[in-house]
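Student: Per my numbering, the very first residue in the sequence shown carries number 4; after that it's consecutive.
C-beta: ideal position from N, C-alpha, C; glycine also.
Before I ask anything, here is the structure I am working with.
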Amino acid sequence: SDTPTPEIPTGRIIAIALVLLLLFTASRSFFIVRPDQFVVVTKFGDPVDEKRESGIYFLIPFIEDPRYLDSRVRGWDDVAQNTNTAELKPIDFTAFARWVIDPSEGGPTRFYTAVGDDRRAHAGMDSIVTKRIQAAIREHRLASIVRDEGRSFDARASSDLEALFVDYPECKPKQNEEIRTMLSEYEKVAQERAQSATEDAGALRSEIVADILKSSNVILLRDFGIQIRDLHFKYLNYSPQVHAQITTKITKDRARDIARYNKLGNVCTGKIRQVKETQLGSIVGERDRTVRELGGEAVAQAIKIKAEAFNRDPG
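Next comes the structure, spelled out in structure tokens:
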């Protein structure tokens, strides 16, 4: 005969169910915030609190829920082509920003309410930061966008020219007035060009980027709870339409510098040749004088020997 299946008492089933329910309820009554997280606590979907410090926190189960947000630094890229500068010269660029959820009070809640995740956060940055980058490029000249230091090649070249004469004392500017005058003229032209370039260019790239960062953060912090830590141009290049013009200008500038080197080199070479000829003339003159002196001494010695020979008694 079949062995009857023992029946589990109903009370035991209820007790087990209650224990499981209590365990589940207990697991929903607290949450853990890691050091790399923020948590926004919601009540029926609406944010009511936020936790910005790591630790264990309690909440009302089934009514409140924790929404976890990443507090670490993330990256954002912005790519654009053929963006015109103030003088209508198109350039291509890739901007890179490192951003975080605003760690100050209310920042995580604003982020959760406004965007909620990285994808929507990047969309907001696209609309705000990209707009300001392109506006800044349109407001500034190409020289401001591409340069980050107030330096001039002409000034550097002038120093290089002076360094050429270290091994030639006769060509050093302190000893050669002609070369000193030429270098002085080059330096003057270099300063004028540098001043003109600075006036034409206006702000440096770092200053432009700092302004973009500042104005963008005002809106991102207020509306999205996002803070950009730093912003840079990761890639910046002339568009093909401009590249040929820039190459031609650089070629002309370098040809001018080569002409300066050649002119100074010719002056230095002439000075060295003049010194060589002077020294050679002195050496040849000294040689001829020595030869004449030795010749005279030889003739006198020969006459003396001959006279002594004639005056000697043959017996």
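Would you kindly check if the distance between the Cβ of E181 and the Cβ of V278 is under 7 Å?
Tutor: For V278 and E181, no; Cβs fall outside 7 Å.
Student: What does the Cβ neighbour count give for N265, buried or exposed, with the cut at 16 atoms within 10 Å?
Tutor: With fewer than 16 Cβ atoms within 10 Å of its Cβ, N265 is classed as exposed.
Student: Just confirm the distance between the C-beta atoms of P69 and V42, as a whole number of angstroms; I'd bet it's less than 8 Å.
Tutor: At roughly 5 Å, the Cβ-Cβ gap stays under 8 Å, so P69 and V42 are in contact.
Student: Taking the alpha carbon of S147 as the point to measure from, which residue in H235, R141 and R208 has its own alpha carbon closest?
Tutor: It is R208.
Student: Where H246 and I136 are concerned, what is the direct C-alpha to C-alpha distance, given to the nearest angstrom?
Tutor: Taking the straight line joining both Cα atoms gives about 21 Å.
Student: Quick one: measure Cβ to Cβ for N220 and I211, integer angstroms, because I've assumed they're closer than 8 Å.
Tutor: The pair is not a contact, with the Cβ atoms about 15 Å apart (cut-off 8 Å).
Student: I'd like to check one pair, E67 with V36: are the Cβ atoms closer than 7 Å?
Tutor: Not in contact: V36 and E67 (Cβ atoms no closer than 7 Å).
Student: Is N179 buried or exposed, if buried means 16 or more other CB atoms sit within 10 Å of its CB?
Tutor: Burial call: buried.
Student: N85: which of D95, R77 and L72 sits nearest, CA to CA?
Tutor: When each option's Cα is compared against that of N85, the closest is D95.
Student: Under 7 Å, do Q40 and Y71 count as touching if we go by C-beta distance?
Tutor: Going by C-beta atoms, Q40 is nearer than 7 Å to Y71.
Student: What's the gap between the Cα of R101 and the Cα of L234?
Tutor: Cα to Cα, R101 sits roughly 7 Å from L234.
Student: Could you check how far apart the C-beta atoms of Y238 and T88 are, in whole angstroms? I think they sit under 8 Å.
Tutor: Rounded, the Cβ-Cβ distance is 16 Å, inconsistent with contact.
Student: Taking A139 and D214 to be in contact with their CB atoms under 8 Å, please state how far apart those CB atoms are, rounded to whole angstroms.
Tutor: That belief holds up - the Cβ atoms of A139 and D214 are roughly 7 Å apart, short of 8 Å.
Student: With distance defined between alpha-carbon atoms, name the residue in R183, F47, T116 and T272 nearest to L224.
Tutor: Nearest of R183, F47, T116 and T272 to L224, Cα basis: T116.
Student: From the DSSP secondary-structure annotation, give me the bridge partner or partners of T45.
Tutor: BP columns for T45 point to P50 and D68.
Student: Please work out which residues of its chain come closer than 8 Å, Cβ to Cβ, to R141, disregarding the five sequence neighbours upstream and downstream, and give them in chain order.
Tutor: Contacts found: T86, N87, T88 and A89.
Student: Buried or exposed: K307, going by 16 or more other Cβ atoms within 10 Å of its Cβ?
Tutor: By the 10 Å Cβ count, K307 comes out exposed.
Student: If you draw a straight line from the C-alpha of R183 to the C-alpha of L283, how long is it?
Tutor: Distance between the alpha carbons of R183 and L283: 26 Å.
Student: Report buried or exposed for D157, applying the criterion of at least 16 other Cβ atoms within 10 angstroms of its Cβ.
Tutor: Residue confidence for D157 is low, a pLDDT of 49 falling below 50, so the modelled location carries little weight and cannot support an answer.
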